[in-house]
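Here the numbering used here is used: the first residue of the sequence shown is 2, the next is one more, and so on. We put the beta carbon where it would ideally sit given N, CA and C, even for glycine. All values derive from a computational prediction rather than experimental measurement. See below for the structure under consideration.
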Amino acid sequence: MSFSVSDMIFAIINFLVLLAILNKFLFKPLLKTMDARQAEIKQDLDAAAEANAAAQKTQEEYLQQMEQAKVEARQIIEKATKIGEKTKEELIIQAREESAQMTEKAREMIRLEKEEALNQLRDEVSSLVVLAAGKVIDETLDQKAHKKLVHKCIAEVGDAS
């Protein structure tokens, strides 16, 4: 088998034509498809990274909101506890004041009833004294003498008590 220069040139030209045809119809579309696929993959990776960053940010916001909600809940509980304590103290003070007022009213009523009882007792004693004195003296006293005797007896009874 002998190779001639013209065969060699023809083979090189055929090879170059084949390379040109392959380049035009195979390599360029293949490279174009591979570049498009690479760009699509890069775009998908970028979108995934953005979605991941957005999810991370959303999670951080959620955690921050949860922490803020916990703080607000603690503040509400503390405020309610303080209001409860204040209300409790106010009710205790009010109950003590009402108790003191009731005790004072009871003492005043007892004092008034005691005075009324003493006045009734003085009236009864003075009536008995007048009757007894009337029997002892065996005469009926006139109005002026009766008053004088009653006042004298009341004074003596008042001094004795």
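With a threshold of 16 other CB atoms inside 10 Å of the CB of residue i, please say whether the residue is buried or exposed.
i	result
Val-6	exposed
Val-72	exposed
Val-18	exposed
Between which two residues does the alpha helix (DSSP H) carrying residue i extend?
i	result
Leu-27	Careful: Leu-27 lies outside any alpha helix (DSSP H) and carries neither H nor E.
Tell me which same chain residues have a C-beta within less than 6 Å of the C-beta of residue i, skipping the five on either side of it?
i	result
Val-130	Cys-154
On a Cα-Cα basis, can you pick out the residue from the options that is closest to residue i?
i	options	result
Leu-132	Asn-120, Ala-118 and Lys-148	Lys-148
Going by beta carbon distance, what residues of the same chain come within less than 8 Å of residue i, once the five residues before and after it are set aside?
i	result
Ile-84	none
Counting beta carbon pairs with one atom in the stretch 123-132 and one in the stretch 151-158, are three or more of them shorter than 8 Å?
yes
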